[in-house]
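Q:
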Amino acid sequence: MLTLSQIILVVVVIVLTILVVIFSIYVFRILDQVKKSLEKTNAMLDDFKRISSSVAEPIEHASEFISGLRKGTKLVELAGEIVKKKQEKSVHKK
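In my numbering, the protein residues as written are 360 to 453.
1. DSSP state of M403, grouped into three classes?
2. Put T432 into one of helix, strand or coil per three-state DSSP.
3. Roughly how many angstroms separate the alpha carbons of K394 and I367, rounded to a whole number?
Below is the structure:
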């Protein structure tokens, strides 16, 4: 026969086993929710990356265009100075 202490021990072990199983189920549910949240966050970050690159490319091209215009104006100014110097030399020779 089982003594009272053995019966209590068996009951406690059964209750603890049930609690551990329930706790494990909740932990797996939480981990599943965390996984879904991370997947959504990853998708949002991918979308943000696409959006930021689609915005950055035109800005980069505009910056290159403006830089080219600045170089062009410097070239025109330099050409104007050269023409002006040539005109001054020809006026002084006469």
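Glycine included, every Cβ here is placed at the ideal spot set by N, Cα and C.
A: Let's see:
1. Walking along the sequence shown from the start, residue 403 turns up at place 44. Of the three classes helix, strand and coil, the one that applies to M403 here is helix, per DSSP.
2. Position 73 of the sequence shown, counting from 1, holds the residue named residue 432. Helix.
3. The residue you call residue 394 lines up with position 35 of the sequence shown. The residue you call residue 367 lines up with position 8 of the sequence shown. Between K394 and I367, the C-alpha separation is close to 40 Å.
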